[in-house]
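Just below is one structure, and these are the notes that go with it.
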Amino acid sequence: MPTYDYECDACGHTWEMFQRITEDAIKQCPECKKKKARRLFGTGSAVMFKGSGFYETDYRSDSYKKGEKAAKDAKAPKPDSSSGGEKKSGQSGSSSSSSSSGKKS
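Laid out in structure tokens, this is it:
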């Protein structure tokens, strides 16, 4: 149920009212009791889908997605192929031989 803003043209009092969409607008001011109240047209609140399955980025354009991917690729650190490859092969070779020799003994 939405919350509506009201204002009295007689006394200037403003208030919010929690009402059903199907209910008629309030006509009487709760302060001065005159029938000069009117429902205000405000900006309202935007529809927000919260919870699993609803994300802001679900419906992005293809050009935006391509730009984001390019930005991520540019920010990603590039590993050194000379030092990184040698360490990995040296570590895995020594660990596999030590673990296999440990199991045999």
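Just so you know, full-length UniProt numbering puts 63 at position 63 of the sequence shown, and the rest follows in order with no gaps.
Backbone N, C-alpha and C fix where the C-beta goes; we use that ideal spot for every residue, glycine too.
In the structure shown, the three-state DSSP call for residue 5 is strand.
Counted as a single uninterrupted DSSP element, the alpha helix (DSSP H) harbouring residue 74 occupies residues 62 to 75.
In the structure shown, residue 25 falls within a coil segment according to DSSP collapsed to helix, strand and coil. Here the alpha carbons of residue 4 and residue 24 stand approximately 11 Å from one another. For residue 29, the CB contacts under 7 Å within the same chain, skipping 5 residues up- and downstream, are 8, 10, 11, 13, 36 and 37 in chain order.
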